[in-house]
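Written out below as structure tokens is the structure these notes cover.
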Amino acid sequence: MRLTRTSDLWWKNAVVYCLDVETYQDSNGDGTGDFAGLTQRIDHLVRLGVTCVWLMPFYPTRERDDGYDITDFYGVDPRLGTLGDFTEFVRTARDRGIRVIADLVVNHTSEHHPWFEDARSGRDATHRDWYVWRDEPPEDGPSGVVFPDAEKSLWEYDRTSGQYYLHRFYKQQPDLNITNPAVRDEIARIMGFWTQLGLSGFRVDAVPFLLETDGQDDAGRLPDPHEYLADLRAFLGRRCGDAVLLGEVNLPYDETALFFGEPSSGRGDELTMCFDFIGMQRMYLSMARGDASPLADALRTRPAAPRDAHWATFVRNHDELTLDKLGDDERAEVFEAFGPEKDMQLYDRGLRRRLPPMVGGDRRRLELAYSLLFTLPGTPVLFYGEEIGMGENLAAEGRQAVRGPMQWTADDDAGFSTADAGAFPNPLSEGEFGPGRVNVHDQSHDAGSLLARMRLLIERYRGAPELAWGTYKVLDTPSPAVLAHISSLPEGAVLALHNFADRTVTAETKAPELKPGTVLTDLLTGAAVTTPRDGRLRTELGPYGYRWLRVGTTADDPERTTAS
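If you're matching positions, the sequence shown starts at 1 in full-length UniProt numbering and goes up one per residue.
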């Protein structure tokens with residue numbers, strides 16, 4: 001099916017792949033992944049069907065927060081290579097049809113950043129008001145602390161300057177003062193620098209915190225933080241017309257939707273895409289219950305994104321699998337199903353696990369989750385290792401449990417590095433999900449592997465513009481275990497069916513697109529099924545089964561049915 005769309009909206013049907021350079025591939029045997037190693041592995045991403053790589057922070061750092069404590073926004077961590085290595089990777093990726101975006105982490109800096117070192121040197125320092133200072137910290141109860149296991153306050157006393165500085169994350173990461181025009185100008189320069197070197201946009205870290213100005217004496221200089229975000233989007237558009245801002249906004253739907261912007265009210269476009277945290281969390285609740293209703297209800301209430309914006313869907317990201325938008329009882333259900341032990345949980349709000357161990361390696365449930373990823377309305381985002389079913393290592397600290405080295409081969413070093421494993425940034429997964437059982441090499445030679453299935457799902461997703469561009473509707477079904485939704489364009493439609501139960505069910509669906517005699521073709525198997533005279537399509541789904549059915553033409557014989 002051929003559709004005419006502007007190339008500026010390339011991200012509408014992209015497949016985004018998040019990775020950390022230091023845990024992907026080591027090229028020089030020092031135990032740390034690097035850009036040269038990543039470039040060597042680019043063909044794996046091409047074969048998988050990835051169209052956009054999202055790089056976690058690769059900037060110089062003191063490694064106090066896995067690279068998010070940045071000491072220089074204009075450089076590459078020497079452990080990972082040089083600016084030349086970075087640009088060579090970007091060039092190679094673009095040659096293979098893959099765009100590159102990177103984390104934009106401008107909520108805070110490292111306490112060792114030259115700006116902060118200058119700021120703390122005295123109250124008249126050049127960069128003093130690039131940060132937020134108080135003689136006495138205001139009241140900020142535990143609810144304002146992002147990492148309650150490590151921090152008890154948002155304010156830290158600095159002995160050198162005799163004042164407290166604001167830090168919404170760790171105390172070694174002082175917050176930048178976004179109300180300062182000089183800071184806002186510097187953020188624009190950072191974006192301009194990296195787009196000039198070939199980036200196609202940014203994943204914006206912790207967006208609500210970036211725009212938070214409550215309690216700051218000079219907040220009046222920025223009367224509407226959303227106007228600033230619109231200014232950033234406009235600046236990025238001038239520098240690189242098709243660049244994206246992918247935002248981390250973990251708020252209720254109505255509040256998240258505001259971050260797309262409201263051009264009709266005089267405020268410009270803001271984020272290009274927002275992660276669907278609500279849908280992700282409701283998906284896990286549905287999986288825990290064997291009931292599609294929580295996810296279906298979320299999709300029915302999710303606001304439509306503007307035409308020049310999109311939701312981003314994901315199974316998990318690089319942090320803990322947050323469940324903070326579920327009720328206490330709902331979260332307890334998910335914990336019981338997928339992470340009952342205390343060391344599997346983090347901050348009492350999430351899981352530090354990957355999906356394969358959570359479902360006991362059950363391929364049916366894994367495929368169900370990733371079929372949802374590629375059929376639910378939005379741009380799918382993968383976290384490295386998901387394509388082969390990597391597990392976590394709970395011996396690692398906190399979020400690092402899910403950030404182990406990529407598993408390329410069955411060797412003890414997973415093909416990641418020739419260095420001793422003790423030099424790796426994080427420990428490898430172990431046991432059933434370790435490299436001996438789960439790796440790219442073996443799965444690449446196995447037509448029945450998870451990797452082969454993921455390649456097929458991505459290929460079929462890329463060949464179904466209805467899923468990326470269409471308007472969707474959740475359909476009513478008699479079985480609570482079944483999620484049925486249809487994505488439609490004037491040129492056609494795709495019906496997706498998913499069974500969350502561990503038993504075979506019959507999915508019964510009815511929609512205007514399913515006229516009697518309509519032939520539907522399964523995009524994954526090629527089998528066909530025809531809508532009977534009563535207009536109710538009945539399709540049998542095995543335990544955790546799924547179907548992708550493209551709505552076709554009307555058959556001559558409305559009673560004809562093939563393939564259950």
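The beta carbon of each residue, even a glycine, is placed where N, CA and C say it ideally should be.
(message) Only counting the same chain, and skipping five residues up and downstream in sequence, which positions put a Cβ closer than 6 Å to that of residue 473?
(response) Here residue 473 refers to the residue found at position 473 when the sequence shown is read from its first residue. Around residue 473: 486.
(message) Does the stretch 327 to 341 come into contact with the stretch 396 to 415, if we say contact requires no fewer than three beta-carbon pairs (one atom in each stretch) closer than 8 Å?
(response) no
(request) Could you tell me which residues DSSP pairs with residue 273 in its beta bridges? (result) Here residue 273 refers to the residue found at position 273 when the sequence shown is read from its first residue. Answer by DSSP bridge pairing, in chain order: 246, 310.
(message) I need the straight-line Cα distance from residue 33 to residue 59, nearest angstrom please.
(response) Within the sequence shown, the letter at position 33 stands for residue 33. Within the sequence shown, the letter at position 59 stands for residue 59. Going from the Cα of residue 33 to the Cα of residue 59 covers about 14 Å.
(request) Kindly indicate which residue of 312, 252, 49 has the alpha-carbon position closest to the one of residue 301. (result) Here the question's residue 301 lines up with position 301 in the sequence shown. When each option's Cα is compared against that of residue 301, the closest is 252.
(request) Could you spell out where the beta strand (DSSP E) holding residue 458 opens and where it closes? (result) As a first step, residue 458 must be located in the sequence shown, where it is residue number 458. No beta strand (DSSP E) contains residue 458, which is instead part of the alpha helix (DSSP H) from 450 to 462.
(request) Please report the residue range of the beta strand (DSSP E) in which residue 433 lies. (result) Looking up residue 433 in the sequence shown gives position 433. Looking at the DSSP string, residue 433 is not in any beta strand (DSSP E), and its letter there is neither H nor E.
(request) Whole angstroms is fine: what's the gap from residue 460's alpha carbon to residue 497's? (result) As a first step, residue 460 must be located in the sequence shown, where it is residue number 460. As a first step, residue 497 must be located in the sequence shown, where it is residue number 497. Taking the straight line from one Cα to the other gives about 15 Å.
(message) Using only the alpha-carbon positions, how far apart do residue 48 and residue 136 sit?
(response) The residue labelled residue 48 in the question sits at position 48 within the sequence shown. The residue labelled residue 136 in the question sits at position 136 within the sequence shown. So the two alpha carbons sit approximately 54 Å from each other.
(message) Using a 10 Å radius around the Cβ and a threshold of 16 neighbouring Cβ atoms, would you call residue 29 buried or exposed?
(response) If you number the sequence shown from 1, residue 29 lands on position 29. So residue 29 ends up on the exposed side.
(request) Return the Cβ separation of residue 315 and residue 229 in integer angstroms, given the expectation that the two are a contact with Cβ distance under 8 Å. (result) By one-based count along the sequence shown, residue 315 stands at place 315. By one-based count along the sequence shown, residue 229 stands at place 229. That belief does not hold up - the Cβ atoms of residue 315 and residue 229 are roughly 27 Å apart, past 8 Å.
(message) If contacts are defined as beta-carbon pairs under 8 Å, then residue 388 and residue 15 qualify, I think. What distance do you get, rounded to the angstrom?
(response) On the sequence shown, position 388 is the one that residue 388 refers to. On the sequence shown, position 15 is the one that residue 15 refers to. About 16 Å; that fails the 8 Å criterion.
(request) With DSSP as the reference, label residue 156 as helix, strand or coil. (result) Taking the first residue of the sequence shown as 1, we reach residue 156 at position 156. In this structure, residue 156 counts as strand in the three-state DSSP scheme.
(message) Among 97, 39, 138, 325, whose alpha-carbon lies nearest the alpha-carbon of residue 25?
(response) As a first step, residue 25 must be located in the sequence shown, where it is residue number 25. Ranking 97, 39, 138, 325 by Cα distance to residue 25 puts 39 first.
(request) Evaluate the contact criterion for the stretch 389 to 398 versus the stretch 295 to 312: three or more CB pairs, one atom per stretch, below 8 Å. (result) no
(message) Tell me which residues share the same chain as residue 235 and place their Cβ nearer than 8 Å to its Cβ, disregarding the 5 neighbours each side in the sequence.
(response) Residue mapping note: residue 235 aligns to position 235 of the sequence shown, counting from 1. Excluding residues within five positions, the ones whose Cβ falls inside 8 Å are 188, 191, 192.
(request) Pick helix, strand or coil for residue 381, following the three-state DSSP scheme. (result) Here residue 381 refers to the residue found at position 381 when the sequence shown is read from its first residue. Strand, per DSSP.
(message) Could you compute how far the alpha carbon of residue 82 sits from the alpha carbon of residue 75?
(response) Here residue 82 refers to the residue found at position 82 of the sequence shown. Here residue 75 refers to the residue found at position 75 of the sequence shown. Rounded to whole angstroms, residue 82 to residue 75 spans 8 Å at the Cα level.
(request) Have a look at 13, 380, 359, 161 and flag the residue whose alpha-carbon is nearest the alpha-carbon of residue 391. (result) Translated into the one-based positions of the sequence shown, residue 391 becomes position 391. Among 13, 380, 359, 161, the Cα nearest to that of residue 391 belongs to 359.
(message) Which of the three DSSP states is assigned to residue 546 in this structure?
(response) As a working note, residue 546 is residue 546 in the sequence shown. In this structure, residue 546 counts as strand in the three-state DSSP scheme.
(request) Can you tell me which of 131, 146, 478, 528 puts its alpha carbon nearest to the alpha carbon of residue 182? (result) Translated into positions along the sequence shown, residue 182 becomes position 182. Checked all of 131, 146, 478, 528; the closest Cα to residue 182 is 131.
(message) Going by C-alpha to C-alpha distance, which of 186, 233, 51 sits closest to residue 202?
(response) Counted from its first residue, the sequence shown places residue 202 at position 202. The shortest Cα separation from residue 202 among 186, 233, 51 belongs to 233.
(request) Count the other CB atoms, across all protein chains shown, that sit within 10 Å of the CB of residue 448; report buried if there are 16 or more and exposed otherwise. (result) Locating residue 448 in the sequence shown gives position 448, counting from the first residue. Under this definition residue 448 is an exposed residue.
(request) Confirm, please, whether the CB-CB distance from residue 349 to residue 313 is below 8 Å. (result) If you number the sequence shown from 1, residue 313 lands on position 313. If you number the sequence shown from 1, residue 349 lands on position 349. No.
(message) Considering just the uninterrupted stretch of the alpha helix (DSSP H) at residue 487, what are its terminal residues?
(response) Within the sequence shown, the letter at position 487 stands for residue 487. Unbroken run through residue 487 is the beta strand (DSSP E), 482 to 489; no alpha helix (DSSP H).
(request) Along the beta strand (DSSP E) that carries residue 374, what are the first and last residues, could you check? (result) Numbered from 1 along the sequence shown, position 374 holds the residue referred to as residue 374. Premise fails: residue 374 lies in the alpha helix (DSSP H), 363 to 375, not in any beta strand (DSSP E).
(message) Quick check: the Cα distance between residue 549 and residue 526, rounded to an integer number of angstroms?
(response) Against the sequence shown, residue 549 aligns to sequence position 549. Against the sequence shown, residue 526 aligns to sequence position 526. Spanning the two alpha carbons is a distance of roughly 9 Å.
(request) State buried or exposed for residue 150, treating a residue as buried only when at least 16 other CB atoms are found within 10 Å of its CB. (result) The residue you call residue 150 lines up with position 150 of the sequence shown. Exposed, because fewer than 16 other Cβ atoms sit within 10 Å of the Cβ of residue 150.
(message) Give me, in chain order, the residues of the same chain whose beta-carbon lies closer than 6 Å to that of residue 320; leave out the 5 immediate sequence neighbours on both sides.
(response) Along the sequence shown, read from residue 1 onward, the residue named residue 320 stands at position 320. Result list for residue 320: 346, 350, 352, 399, in chain order.
(request) Determine the direct distance from the alpha carbon of residue 490 to that of residue 18, and round the result to whole angstroms. (result) Position 18 of the sequence shown, counting from 1, holds the residue named residue 18. Position 490 of the sequence shown, counting from 1, holds the residue named residue 490. The straight-line gap from Cα to Cα measures roughly 33 Å.
(message) Given this structure, state the Cα-to-Cα distance separating residue 168 from residue 430, to the nearest angstrom.
(response) Here residue 168 refers to the residue found at position 168 of the sequence shown. Here residue 430 refers to the residue found at position 430 of the sequence shown. Roughly 34 Å separates the two Cα atoms.
(message) Checking the sheet assignment: what are the DSSP bridge partners for residue 108?
(response) Position 108 of the sequence shown, counted from the first residue, corresponds to residue 108. Per DSSP, 175.
(message) Please report the straight-line C-alpha distance between residue 375 and residue 21, rounded to a whole angstrom.
(response) What you label residue 375 is simply residue 375 of the sequence shown in a count that begins at 1. What you label residue 21 is simply residue 21 of the sequence shown in a count that begins at 1. In a straight line, the C-alpha of residue 375 is about 29 Å away from that of residue 21.
(message) Strictly by DSSP, which residues pair up with residue 103?
(response) Residue 103 sits at position 103 when you count from the first residue of the sequence shown. According to DSSP, residue 103 bridges with 203.
(message) For residue 144 and residue 153, what's the separation of their Cα atoms in angstroms?
(response) Numbered from 1 along the sequence shown, position 144 holds the residue referred to as residue 144. Numbered from 1 along the sequence shown, position 153 holds the residue referred to as residue 153. Residue 144 and residue 153: Cα-Cα distance of roughly 8 Å.
(message) To the nearest angstrom, how far is the alpha carbon of residue 424 from that of residue 411?
(response) Here residue 424 corresponds to residue number 424 of the sequence shown, with the count starting at 1. Here residue 411 corresponds to residue number 411 of the sequence shown, with the count starting at 1. If I take the Cα positions, the gap works out to 15 Å.
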